[in-house]
Each structure stands twice: as C-alpha cells, then as structure tokens.
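**Student:** With full-length UniProt numbering applied, the sequence shown closes on residue 397, and no number is skipped along the way. Backbone N, C-alpha and C fix where the C-beta goes; we use that ideal spot for every residue, glycine too.
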Amino acid sequence: SISCQICEHILADPVETTCRHLFCRTCILKCIKVMGSYCPSCWYPCFPTDLVTPVKSFLNVLDSLGIRCPVKECDEEILHGKYGQHLSSHKEMKDRELYCHINKGGRPRQHLLSLTRRAQKHRLRELKRQVKAFAEKEEGGDIKAVCMTLFLLALRAKNEHRQADELEAIMQGRGSGLHPAVCLAIRVNTFLSCSQYHKMYRTVKAVTGRQIFQPLHALRTAEKALLPGYHPFEWKPPLKNVSTNTEVGIIDGLSGLPLSIDDYPVDTIAKRFRYDAALVCALKDMEEEILEGMKAKNLDDYLNGPFTVVVKESCDGMGDVSEKHGSGPAVPEKAVRFSFTVMNIAIALGKESKRIFEEVKPNSELCCKPLCLMLADESDHETLTAILSPLIAEREA
Numbered sequence: 001s002i003s004c005q006i007c008e009h010i011l012a013d014p015v016e017t018t019c020r021h022l023f024c025r026t027c028i029l030k031c032i033k034v035m036g037s038y039c040p041s042c043w044y045p046c047f048p049t050d051l052v053t054p055v056k057s058f059l060n061v062l063d064s065l066g067i068r069c070p071v072k073e074c075d076e077e078i079l080h081g082k083y084g085q086h087l088s089s090h091k092e093m094k095d096r097e098l099y100c101h102i103n104k105g106g107r108p109r110q111h112l113l114s115l116t117r118r119a120q121k122h123r124l125r126e127l128k129r130q131v132k133a134f135a136e137k138e139e140g141g142d143i144k145a146v147c148m149t150l151f152l153l154a155l156r157a158k159n160e161h162r163q164a165d166e167l168e169a170i171m172q173g174r175g176s177g178l179h180p181a182v183c184l185a186i187r188v189n190t191f192l193s194c195s196q197y198h199k200m201y202r203t204v205k206a207v208t209g210r211q212i213f214q215p216l217h218a219l220r221t222a223e224k225a226l227l228p229g230y231h232p233f234e235w236k237p238p239l240k241n242v243s244t245n246t247e248v249g250i251i252d253g254l255s256g257l258p259l260s261i262d263d264y265p266v267d268t269i270a271k272r273f274r275y276d277a278a279l280v281c282a283l284k285d286m287e288e289e290i291l292e293g294m295k296a297k298n299l300d301d302y303l304n305g306p307f308t309v310v311v312k313e314s315c316d317g318m319g320d321v322s323e324k325h326g327s328g329p330a331v332p333e334k335a336v337r338f339s340f341t342v343m344n345i346a347i348a349l350g351k352e353s354k355r356i357f358e359e360v361k362p363n364s365e366l367c368c369k370p371l372c373l374m375l376a377d378e379s380d381h382e383t384l385t386a387i388l389s390p391l392i393a394e395r396e397a
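1. Quick one: residues in its chain with C-beta nearer than 8 Å to the C-beta of residue 162, no 5 flanking neighbours on either side, listed in chain order?
2. Could you compute how far the alpha carbon of residue 106 sits from the alpha carbon of residue 143?
3. Which partner residues of residue 340 appear in the DSSP bridge assignment?
4. Check whether the segment 37-52 and the segment 9-25 are in contact - that is, three or more C-beta pairs closer than 8 Å.
5. Is it buried or exposed for residue 11, if we count other Cβ within 10 angstroms and need 16 for buried?
6. Could you give the first and the last residue of the continuous alpha helix (DSSP H) run that contains residue 31?
7. Quick check: what's the CA-CA separation for residue 240 versus residue 357?
8. Starting from the Cα of residue 364, find the closest Cα among 314, 336 and 397 and give me that residue.
9. Can you list, in chain order, the residues of its chain whose CB lies under 6 Å from that of residue 228, leaving out five sequence neighbours each side?
10. Quick one: what's residue 3 bridged to in DSSP?
11. I think residue 341 touches residue 359, with their Cβ atoms under 8 Å apart; what is that distance to the nearest whole Å?
12. Measure from the alpha carbon of residue 56 to the alpha carbon of each residue in 13, 236 and 191, then state which is nearest.
13. Whether or not the segment 176-193 and the segment 217-224 are in contact is what I'm after, with contact meaning three or more pairs of Cβ atoms, one per stretch, closer than 8 Å; do they touch?
14. Measuring alpha carbon to alpha carbon, tell me which residue in 347, 45 and 244 is nearest residue 295.
15. Taking the beta carbon of residue 264 as the centre, do at least 16 other beta carbons fall within 10 Å, making it buried, or is it exposed?
16. Tell me where the alpha helix (DSSP H) around residue 79 begins and ends.
17. Who pairs with residue 320 in a beta bridge, going by DSSP?
18. Ignore the nearest five residues each way along the sequence and tell me which others in residue 140's own chain have a CB closer than 6 Å to its CB.
19. What are the residues that DSSP puts in a beta bridge with residue 353?
20. Using a 10 Å radius around the Cβ and a threshold of 16 neighbouring Cβ atoms, would you call residue 52 buried or exposed?
21. Since residue 4 contacts residue 22 with CB under 8 Å, what's their CB separation in whole angstroms?
22. Starting from residue 68, follow the beta strand (DSSP E) in both directions and report where the run begins and ends.
23. Since residue 271 is in the alpha helix (DSSP H), which residue starts that stretch and which ends it?
24. Using the three-state DSSP reduction, which class does residue 180 fall into: helix, strand or coil?
25. Assign residue 194 to buried or exposed, taking buried as 16 or more other Cβ atoms, counted over all protein chains shown, within 10 Å of its Cβ.
26. Would you check if the distance between the CB atom of residue 232 and the CB atom of residue 246 is smaller than 9 Å?
27. Assign residue 190 to one of three DSSP states: helix, strand, or coil.
28. So, for residue 80: in the same chain, excluding its five sequence neighbours on each side, which residues have a beta-carbon less than 8 Å away from its beta-carbon?
29. Looking at the unbroken alpha helix (DSSP H) that takes in residue 63, where does it start and where does it end?
30. Quick check: what's the CA-CA separation for residue 171 versus residue 253?
31. Compute the Euclidean distance between the alpha carbons of residue 336 and residue 160, then round it to the nearest angstrom.
32. Please check the pair residue 270 and residue 387, which I expect to be a contact at CB under 8 Å, by giving their CB distance rounded to whole angstroms.
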C-alpha cells in the first residue's frame, strides 16, 4: 500500500515498523506519543527507535507516482518525488496556503491523532457539546463515564479485548499495576536486591509507559504491615514477664546473652520475632479465611470465641549458607530456622468444638511462619538452647 494507515493519505516521508507496516513519519511518531508504544495496525510493540526507511525499490515506485499540484492556477502534473521541489518553486507564500481539505476537493485533511491538542479540541467541539448534553440528560453529568464507555464499546467491537480489559480495570479503580505486597513477594522470591528491583521498576515504566511495578517506598510500607509488630493487640490477662508493648519488630536474638555459654564463645548472628507478636500477625493474615470458615459453619454469632488455636512448631537446619566470596564476620557456615504453622482453629460450643480452619498443606513452606533465624550448627545444642530459651519462655507465658 502507498497510503499511510493512520491518515490514509499518500505516504509522506515513509517509515516501516518491525511488523512491516508503513506510516508517515510524523503520523506514527504522534500516534506513539498519544496511544503508547504499539503499532496502530496490529498492536505489536513499536518504539520510535525501531522505525526504518522502507526498501529503495518501494521508494522508487512511490516517487514515480504522478500527482496534480493543488496550488491555485497551477494544474501541472508532477512526480511525487519532485513535489516538494515543485512546491518551493512557487514564489508567493499566499499560494502555498491555498490547500483545501478533502471535502473541498483538495489536499486531504490531517488525521485526528496527528493534530495538536488545540486542533483536536477545535475539530471535536461539536461532538463534545453533544456528549455533554447527553451526559447531563441521561447520566447525571458524568461525561468521563460516557466517553470511557464509548471507547470501551469501540475497542470490543474491533476485537481489541486486551486494551478493553485494561480500560475496564482502570474504570473499576483496579488499574494495571500490581499490589505492593505482590511486588514485594516477587522481589523476595526472585532474590532481587533493592537496587536491582528499582532498575527493573524504572525499565518497565519507561518501556510500557505504565507503573506496573510499585516503587520501593510502597514495598517498604507493605513490608511493615506484613511483619509482626505492626498490628496493635492486647492480652487478657496480661502475659507474665512479657512487655505489653506490641510495636516490636525484628529482635536481636543474642540480646541479653553473655558473650560465652559454658566457656563456649557465642560467635553467631540471630534474628527473631517475639512469639506472641508473630502469632497475632499470623492470625491477622488469616482473618479472611477464619471469617469464611465461620460463615460456612453458620457461626457468625461467635465472633468473640472462645477459639482454640493449634500450632505446630518446627526447628530445622538449612544446610550450608557459607559466604562463597567476600570476608564477612566469622560465623558458623550453617543456619537453623525455628518456625511455626497454624494447624487448625476451632470454636468451643459447650462440650463440642467446631473446626473453622484447617491447614490443607501443613508441610508447605507457604504456611510456615518464621520465628527465629540463626547462623549456628544444628548439632550445637548449647547455642541453640541459649538463643531459643527466651522464645520458649514467651510461648509458656
């Protein structure tokens, strides 16, 4: 085809996309700027840097087309390739401005997308007035909803369902972006450092023009909400020998320990959560599942319990975690993790109890809540006992 698929006129300064479609250079550049980095014909990803000049044989065919000069009092027929040169030969500028729109029998008018914003507003002013009148009459003045619905229906009619789904998500307030907690899970599971994640976030945003991944500060906020020590709670009666302060996050597992245990030097690193704070955080995460279980058993009237929560604890070695390169602190090359899993939750009804939650995969790492992580050998009972003793005391309390 020798016509641009955007403005539908004869190609002016033609360029070819990677998907082999042809456009005027100005048309495709403005279209990419307005609609995003996609080919308007097939929606294949397309960037300004991908645009190339078509093959010479095609350009020769295009330049050899005969066209009639639209300038007044000049009906000369010239070759398309020499049209610019011929136009510049007209001495008076006034003659250059005597182009007519296609509906007046002259040069075709420019495509809507290739116009400036001011020109677009001018061309669509009558349609805008009609839409405004309809919105005020039928939809309580919600012009935005009317326009978005029109656009949605147009996309569906053209089978552009991917774009339509994205627009529908935006209309429903969901957007195309991922939730910060999902982004955090992706960062943790793919072992990305903060700088690596930030680089990925910037690249995706620059390439797609959308904020699909969330910035690091949003991830940090989500992380605080997911870690123990974020949700306030109160024990009745208060726990013995346990602080009433609930804003406790990650604790140093060695705090309060002497430098040596039975003449054995404590050269290790340990980080842990407070037992009760971790348990509350786990139950808070399961809130929806607990409420669904109560609804399924018609126990909506028993929101205040009493609940029986069965917890399984596990302490297992994580194998060799030695630093392969670099010179970190002199610590054991093995790690041990102490964790718990909420096995089931029941409500006591007189002499019987009704189970409202049961862990389907109790051995899955997805339901395993970490309590303490330490660099220690699992066979080193003295160090394990010293580090885990405060945890056990908190559990007994």
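**Tutor:** Put simply:
1. For this step, residue 162 is matched to residue 162 along the sequence shown. The answer, listed in chain order, is 43.
2. Against the sequence shown, residue 106 aligns to sequence position 106. Against the sequence shown, residue 143 aligns to sequence position 143. In this prediction, residue 106 scores a pLDDT of 46, lower than 50, which makes its location untrustworthy; no coordinate-derived value is stated.
3. Here residue 340 is taken as the residue at index 340 of the sequence shown, counted from 1. DSSP, once it has assigned bridges, lists 313 and 369 as partnering residue 340.
4. yes
5. Indexing the sequence shown from 1 puts residue 11 at position 11. Label assigned to residue 11: buried.
6. Counted from its first residue, the sequence shown places residue 31 at position 31. 25-35 is the extent of the alpha helix (DSSP H) around residue 31.
7. One-based indexing of the sequence shown puts residue 240 at position 240. One-based indexing of the sequence shown puts residue 357 at position 357. Using only the alpha carbons, I get a separation of about 29 Å.
8. As a first step, residue 364 is located in the sequence shown; it is residue number 364 there, counting from the start. Residue 314 is the option with its Cα nearest to residue 364.
9. On the sequence shown, position 228 is the one that residue 228 refers to. Cβ within range, chain order: 273, 277, 278 and 281.
10. Taking the sequence shown and counting its residues from 1, one reaches residue 3 at position 3. 10, per the DSSP bridge assignment.
11. Numbered from 1 along the sequence shown, position 341 holds the residue referred to as residue 341. Numbered from 1 along the sequence shown, position 359 holds the residue referred to as residue 359. Confirmed, about 6 Å.
12. Residue mapping note: residue 56 aligns to position 56 of the sequence shown, counting from 1. Comparing Cα positions, the closest option is 13.
13. yes
14. For the purposes of this step, residue 295 is identified with residue 295 of the sequence shown, where counting begins at 1. Per the Cα distances, 347.
15. Translated into positions along the sequence shown, residue 264 becomes position 264. For residue 264, the pLDDT reaches just 46, beneath the cut-off of 50, and the residue's location in the model is therefore unreliable, although a value from the coordinates is still provided. That one is exposed.
16. Here residue 79 corresponds to residue number 79 of the sequence shown, with the count starting at 1. It is not in any alpha helix (DSSP H) - residue 79 instead sits in the beta strand (DSSP E) that spans 77-79.
17. Working through the sequence shown from its first residue, we reach residue 320 at position 320. Answer is 334, bridged to residue 320.
18. Translated into positions along the sequence shown, residue 140 becomes position 140. Contacts found: none.
19. Locating residue 353 in the sequence shown gives position 353, where the first residue counts as 1. Answer is 348.
20. For the purposes of this step, residue 52 is taken as residue 52 along the sequence shown, with counting starting at 1. Per the 10 Å Cβ criterion, exposed.
21. Taking the first residue of the sequence shown as position 1, residue 4 is located at position 4. Taking the first residue of the sequence shown as position 1, residue 22 is located at position 22. With 8 Å as the limit, residue 4 and residue 22 qualify as a contact, their Cβ atoms being about 7 Å apart.
22. Taking the sequence shown and counting its residues from 1, one reaches residue 68 at position 68. Looking at the DSSP string, the run of the beta strand (DSSP E) that includes residue 68 is 66-68.
23. Within the sequence shown, numbered from 1, the residue matching residue 271 stands at position 271. Counting along the chain, residue 271 falls outside any alpha helix (DSSP H), though it belongs to the beta strand (DSSP E) covering 270-272.
24. For the purposes of this step, residue 180 is taken as residue 180 along the sequence shown, with counting starting at 1. Looking at residue 180 - three-state DSSP - the assignment turns out to be helix.
25. On the sequence shown, residue 194 is found 194 positions in, with the first residue counted as 1. Answer is exposed; the Cβ neighbour count stays below 16.
26. As a first step, residue 232 must be located in the sequence shown, where it is residue number 232. As a first step, residue 246 must be located in the sequence shown, where it is residue number 246. Yes, the pair counts as a contact, with Cβ atoms nearer than the cut-off.
27. Numbered from its first residue, the sequence shown carries residue 190 at position 190. Residue state, collapsed to three classes: coil.
28. As a working note, residue 80 is residue 80 in the sequence shown. So the qualifying residues of the chain are 10, 62, 63, 64, 65, 66 and 67.
29. Residue numbering aside, residue 63 sits at position 63 when the sequence shown is read from its first letter. 56-63 is the span of the alpha helix (DSSP H), which, as asked, contains residue 63.
30. To locate residue 171, count along the sequence shown from 1; it is residue 171. To locate residue 253, count along the sequence shown from 1; it is residue 253. Computed Cα separation, rounded: 48 Å.
31. Walking along the sequence shown from the start, residue 336 turns up at place 336. Walking along the sequence shown from the start, residue 160 turns up at place 160. Using only the alpha carbons, I get a separation of about 53 Å.
32. In the sequence shown, residue 270 corresponds to position 270, counting from 1. In the sequence shown, residue 387 corresponds to position 387, counting from 1. With a Cβ gap of about 5 Å, residue 270 and residue 387 count as contacting.
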